[in-house]
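Down below is the structure, laid out as structure tokens.
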Amino acid sequence: MSTMQPGGPRTAAAWLLGLILLLMPAFAGDFVLFQIFGWALILGMIALSLMFLAGYGGMVSLVQMSVAGCAAYMVAIFGDSAITQISLGWPWWITVPLAIAIATLFGTLAGALAVRTHGIYTIMITLAIASAFFYFTRQNYVVFNGFSGFNGVLPPPLFGVDWRQPVPFYYLALFFAALAYFLVLYISRAPFGLALQGIRDNPRRMEALGFNVFLHRIAAYAFASAIAAVAGVLLVWLNAQVSPGTAGIGPVIDILIIAVVGGLGRPIGPFIGAIIYVLLRTFALDFLVSLGLSGERFQLLIGAGFLVIVFWSPDGVLGLWDRTRERITARERQRSPLYRAIRGQPGGPA
Amino acid sequence: MRGAIAQRLSATGNASALELHGVSRYFGALSAIEDVTLTVGAGERRAVLGSNGAGKTTLFNCITGDYPPTSGTIRLFGEDITDFPPHERIRRGLRRTYQISLLFGGLSVIDNIYLACRGVARARYSMVRPRRDDAVMQAAFDLAHAVHLDDVEQSPVSQLSHGQQRQLEIALALAGAPRLILFDEPAAGLSPTERRDLIAILRTLPDHIGYIVIEHDMDVALQVSDRVTLMHNGRIFREGSPDEIESDPMVQEIYLGTGPDHG
Numbered sequence: 045m046s047t048m049q050p051g052g053p054r055t056a057a058a059w060l061l062g063l064i065l066l067l068m069p070a071f072a073g074d075f076v077l078f079q080i081f082g083w084a085l086i087l088g089m090i091a092l093s094l095m096f097l098a099g100y101g102g103m104v105s106l107v108q109m110s111v112a113g114c115a116a117y118m119v120a121i122f123g124d125s126a127i128t129q130i131s132l133g134w135p136w137w138i139t140v141p142l143a144i145a146i147a148t149l150f151g152t153l154a155g156a157l158a159v160r161t162h163g164i165y166t167i168m169i170t171l172a173i174a175s176a177f178f179y180f181t182r183q184n185y186v187v188f189n190g191f192s193g194f195n196g197v198l199p200p201p202l203f204g205v206d207w208r209q210p211v212p213f214y215y216l217a218l219f220f221a222a223l224a225y226f227l228v229l230y231i232s233r234a235p236f237g238l239a240l241q242g243i244r245d246n247p248r249r250m251e252a253l254g255f256n257v258f259l260h261r262i263a264a265y266a267f268a269s270a271i272a273a274v275a276g277v278l279l280v281w282l283n284a285q286v287s288p289g290t291a292g293i294g295p296v297i298d299i300l301i302i303a304v305v306g307g308l309g310r311p312i313g314p315f316i317g318a319i320i321y322v323l324l325r326t327f328a329l330d331f332l333v334s335l336g337l338s339g340e341r342f343q344l345l346i347g348a349g350f351l352v353i354v355f356w357s358p359d360g361v362l363g364l365w366d367r368t369r370e371r372i373t374a375r376e377r378q379r380s381p382l383y384r385a386i387r388g389q390p391g392g393p394a
Numbered sequence: 319m320r321g322a323i324a325q326r327l328s329a330t331g332n333a334s335a336l337e338l339h340g341v342s343r344y345f346g347a348l349s350a351i352e353d354v355t356l357t358v359g360a361g362e363r364r365a366v367l368g369s370n371g372a373g374k375t376t377l378f379n380c381i382t383g384d385y386p387p388t389s390g391t392i393r394l395f396g397e398d399i400t401d402f403p404p405h406e407r408i409r410r411g412l413r414r415t416y417q418i419s420l421l422f423g424g425l426s427v428i429d430n431i432y433l434a435c436r437g438v439a440r441a442r443y444s445m446v447r448p449r450r451d452d453a454v455m456q457a458a459f460d461l462a463h464a465v466h467l468d469d470v471e472q473s474p475v476s477q478l479s480h481g482q483q484r485q486l487e488i489a490l491a492l493a494g495a496p497r498l499i500l501f502d503e504p505a506a507g508l509s510p511t512e513r514r515d516l517i518a519i520l521r522t523l524p525d526h527i528g529y530i531v532i533e534h535d536m537d538v539a540l541q542v543s544d545r546v547t548l549m550h551n552g553r554i555f556r557e558g559s560p561d562e563i564e565s566d567p568m569v570q571e572i573y574l575g576t577g578p579d580h581g
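Protein chains in written order, with this note's numbering: chain X, 45 to 394; chain H, 319 to 581.
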């Protein structure tokens, strides 16, 4: 665990980042707010739910995108969409909590199936569930409207605000992303999160300390799925549509890539991964065209980008950052013999 | 349901701490322990001796449920726990330490001890961070002090010396209100000073806490036990007071004669 020292350079950087995010609409255009940050914050939340399971719990779940997709579908089915013969048109204050509850239940059940397996088998089981969800939504026309899904799914005009306008949507996404981020950070030091890390390090010993390891793991899935479900509601409002492709195998794997590229060590990692992913997805095509290459090879550039990051730093951008900082402080210490005397601690800053 | 409650109530009576009846554990065709029948009284301190492969650790694994027995029954304070998962046994006052330290490498010393205290208390799923004056947190700090780890409370476990890790193992087993503790070679790899500390910790445990200790070092074993059980090839071979065991000619031949095995 990293400890934040009050008044340290790290805290200052965190405050600065917070300030920039809050004031973003003052200097960023609609496209950046909505298509870049709106999307990145949502993907970051879904990847955060994976980071909670994988980083703290040692469980790599590929079902988190499907949980978000499930919430998105539920909003479209119970609420309003252009597919009026299926959508029930219930008010948002029933639809949204119901969607989150159903998606969380889905994620919890998936977790209940997955927690008795380890490592690669957890990945296989959750991938199987994610595939099943994808094919089921694509083939079911009665409830999920098959291949085309639902369009025209809009956020409720609460407080007289059109929440799909870039600035309101940006703040909406930022609010829930920050909420999820701080919640995960807080819970990592509460008994629930601490015990989850204990289970990651040594499940057998946790049993021998009186913890019900399976139940605890399932509870972790429930908590992570609730975060992914909230992100799913935001996602359907961002896109105004949901279709099988929303939680297809591609996006399911993308969440894993985002979390790994950002770093699974701390909750900020998934958001770093998400912004890199969205920037690459958005600008890779233009970049290739500007080089005089054919734009349809943009996936290649994305893949190469991720390859470079994972090759240079298996623990993601966070790991890269941590090591660079360590190297700088180590060099500083070497350069000035006074440094240690002033700091008064041979081990250096924690 | 009523039966279960009656059983729990009887568990507080004069029942033995532990009763094993005809317990066997097979790994495939190989029997690790066979037909072990053993009674340990409440508050009794028992040493289990035996050469490598005698089945001592398997016996512990059966009692804690890490590997449930293939056949036989186990009663803990009168309650039949044969089919209970490990965490249910722990919540009933059973504790154990491991021969090779099983700690949480990614967490600090105090977090390790706090988890042990939380595991046998309520609110294991609490999403509220404990304050420093929280009762369970306070118990964790007291325990860190009791095993002389207060200097390294905040250090990650991976930075501890072997001796400190062994002390932490013991701290984890003392969390909450233990009634019967299984110590699996607590002295393994300790320096003479650390051994003396360990003996002091074991001898100053409150009277109502019983334990079973597996120990290769005869000196340690005989100093900290009221009774000694000798195992050989997965079976119980002899049982008696430390003096009786030490002077038994058969014991000397198969155990002491070949010299104690410092593994």
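Just so you know, even glycine gets a beta-carbon here, dropped at the ideal spot from N, CA and C.
Cβ neighbours of Tyr432/H in the same chain (closer than 8 Å, five flanking residues each side left out): Pro448, Val454, Met455 and Ala458
Buried versus exposed call for Tyr117/X [16 or more other C-beta atoms within 10 Å across all chains shown]: buried
Top-ranked residue by Cα proximity to Ile499/H, from Val531/H, Ala506/H and Val475/H: Val531/H
Partners in chain X for Pro404/H, counting only beta-carbon separations shorter than 7 Å: Glu251 and Ala252
Neighbour-count burial assignment, Phe226/X, 16 or more Cβ in a 10 Å radius: exposed
Candidates Leu61/X, Val352/X, Pro200/X and Gly163/X: closest to Gly5/X by CA position: Here chain X has residues from 45 to 394 only, and residue 5/X is not among them.
Bridge partners - Phe345/H, DSSP secondary structure assignment: Leu348/H
Ordered list of alpha helix (DSSP H) runs contained in the region 104-171 of chain X, each at least 4 residues: 108-122 and 136-158
Alpha helix (DSSP H) segment containing Phe395/H, residue limits: First-last for Phe395/H: undefined, no H or E at that position.
Burial state of Ile64/X, where buried means 16 or more other Cβ atoms lie within 10 Å: exposed
Exposed unless 16 or more other CB atoms sit within 10 angstroms - verdict on Ile138/X: exposed
Span separating the alpha-carbon of Ile517/H from that of Thr388/H: 34 Å
Any 3 or more C-beta pairs closer than 8 Å across the region 332-343 of chain H and the region 532-540 of chain H: no
Close-in-space but distant-in-sequence residues of the same chain around Ala84/X (CB under 6 Å, 5 per side omitted): Ala318, Ile319 and Val322
Buried/exposed call for Ala335/H, threshold 16 Cβ in 10 Å: buried
Neighbourhood of Phe555/H by C-beta distance below 7 Å, restricted to the same chain and skipping five residues each side: Leu548 and Met549
Selected residue, minimal CA-CA separation from Pro386/H, among Arg440/H, Pro504/H and Ile399/H: Ile399/H
Euclidean distance between Cα positions of Ala328/X and Leu345/X: 6 Å
Chain-order list of residues whose beta-carbon lies under 6 Å from that of Pro295/X (same chain, five-residue window excluded): Met109
Residue-level contact to chain H via CB, Leu229/X, 7 Å cutoff: no
Interface residues of the region 192-220 of chain X facing chain H [CB-CB below 8 Å]: none
Contact the region 259-266 of chain X vs the region 151-165 of chain X: 3+ CB pairs below 8 Å: yes
Ile519/H versus Thr166/X: straight-line alpha-carbon distance, rounded: 42 Å
Length of the line joining the Cα atoms of Glu406/H and Phe255/X: 8 Å
CB contact check: Arg233/X to chain H, cutoff 7 Å: yes
For Ala489/H and Ala462/H, believed in contact at Cβ under 8 Å, the rounded distance: 7 Å
Close Cβ partners of Ile301/X (< 8 Å) along its chain, the five nearest in sequence each way excluded: Gly317, Tyr321 and Phe350
Any C-beta of chain H under 7 Å from that of Ala238/X: In the sequence as presented, Ala is not what sits at residue 238/X; that position holds Leu. For Leu238/X, the answer is yes, since a Cβ of chain H falls inside 7 Å of its Cβ.
Beta-carbon spacing of Ile86/X, Ala275/X below 7 Å: yes
Partners in chain X for Asp384/H, counting only beta-carbon separations shorter than 9 Å: Arg248, Glu251 and Ala252
Contact under 7 Å by Cβ, Val546/H with Ala365/H: yes
Met168/X burial status per 10 Å Cβ neighbour count (16 or more: buried): exposed
Span of the alpha helix (DSSP H), counted from its first residue to its last, around Val366/H: From DSSP, Val366/H is part of no alpha helix (DSSP H) but of the beta strand (DSSP E) over Arg363 to Leu367.
Cross-chain neighbours of Ala434/H in chain X, by beta carbon under 7 Å: Leu253
Where the beta strand (DSSP E) through Leu555/H begins and ends: Inspection of the sequence shows that residue 555/H is occupied by Phe rather than by Leu. Element bounds for Phe555/H: Arg553 to Gly558.
Within chain X, the residues that Tyr448/H reaches when beta carbons sit closer than 8 Å: Note that residue 448/H is Pro in the sequence shown, not Tyr. The contacting residues are Ala234 and Pro235.
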